Every structure is written in C-alpha cells, then in structure tokens.
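Comments concern the structure below.
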Amino acid sequence: MKHRIVFQDQTARKYVAFTSIGITLIVAGVLLLFTSLEEYVAYLGIGIGIALFFYININSFRSTHFISYNRKGITLQLLGRKTNGFSFNQLQKVSLEEKGLLIKLKGGEVITLSRKRYLEQSLQQLFTILKTKTSSHE
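In terms of the working numbering, the sequence shown opens at residue 702 and continues consecutively.
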C-alpha cells in the first residue's frame, strides 16, 4: 500500500494567525492571572491558546507520514517514526529518479523516498517544494 504524505506550510496565513492568537491568549492569560480577581478568565484564555496550538499541530500526531516546512527549513516525519530536519541551505542535490526521490545533504547524508512506499503526487509535491525553496536560498 502506498502512503500519502501530509504537508503543512508553516508560513500559511492560517498557521501564522492561529499561532499569533494562541501566543497572545497565553500571554494575556498569564498577565490576567497575576492582575485580575477573576481567575477563570485567565484560565480560559490560557486554555484556548493551548487548544489553538494543539489544533494547528494535530496532523503531526495523527499522520505517520508528515512534512512541515517554512521559509528556512523542512522537517520530514517519515519512515515510521524517524524524523529528519534540515535547513534549505544544507540541501546539496534533489532528484526525482525512477526508484524514488533522492535528497542529498551537505555532509554526505542521503535520504531516499521510494516510489513503492509513497504516492507519486506526494513525491512530486515534495520535489517541487524542495526545488523552489532551494532556488530561493541560493
């Protein structure tokens, strides 16, 4: 059975908005905890902030094949529970070959994603992301 890879762009508006709102609610909740007589308001703000963080990161816990990326780097949670992370300027070579996607990093580490294990569209999407992000960091 071929697996689908779930992608999360951490620079997307939804992710940035939920992160900003979550941080704001947690900070406001902590400040209210020390200044307000109504503790439940502070706990409510902190709780909603934590819930927002949980909501935007739920895919990384639900999916066994998950990739998140931002402007500077990428994290691959693939091949069971093995996680690889690297910045785009560490990327030396990316090629989509007959056997799969080959990712070669500076320092000699090679990551190979097999066509037998992953859907073609998932490999193609990852290849496109790596190519565009690498070209913007050169």
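For every residue, glycine included, the Cβ atom is placed at its ideal position computed from N, Cα and C. Small disclaimer: the values here were computed from a predicted structure and weren't measured.
The bridge partners DSSP lists for V728 come to none.
A straight line joining the alpha-carbon of T720 with that of E799 spans about 39 Å.
Inclusion of Q826 and K807 in the CB contact set at 8 Å is not warranted, their separation being larger than that value. Of the residues V707, L797, G786 and A729, the one whose Cα lies closest to the Cα of N758 is V707. Here V795 is buried: its Cβ has 16 or more other Cβ atoms, across all protein chains shown, within 10 Å. Boundaries around T784 are those of the beta strand (DSSP E), K783 to S788, since no alpha helix (DSSP H) includes it.
With contacts defined by Cβ atoms closer than 8 Å, Q711 and N771 form a contacting pair.
A contact is defined here as three or more CB-CB pairs under 8 Å, and the segment 744-764 meets this definition with respect to the segment 721-729. Scanning its chain for C-beta atoms nearer than 8 Å, with the 5 sequence neighbours on each side dropped, one finds around L820 the residues K703, H704, R705 and I706, in chain order.
Listed in chain order, the non-local C-beta contacts of V811 below 8 Å within the same chain comprise L803, I804 and K805, local neighbours out to five positions each way being set aside. Looking at the DSSP output, Q709 bridges to S769. Exposed is the label assigned to L732, since fewer than 16 other Cβ atoms lie within 10 Å of its Cβ.
Under the 10 Å beta carbon count, K834 is surrounded by 16 or more other beta carbons and is classified as buried. K783 and S764 have their C-alpha atoms roughly 13 Å apart.
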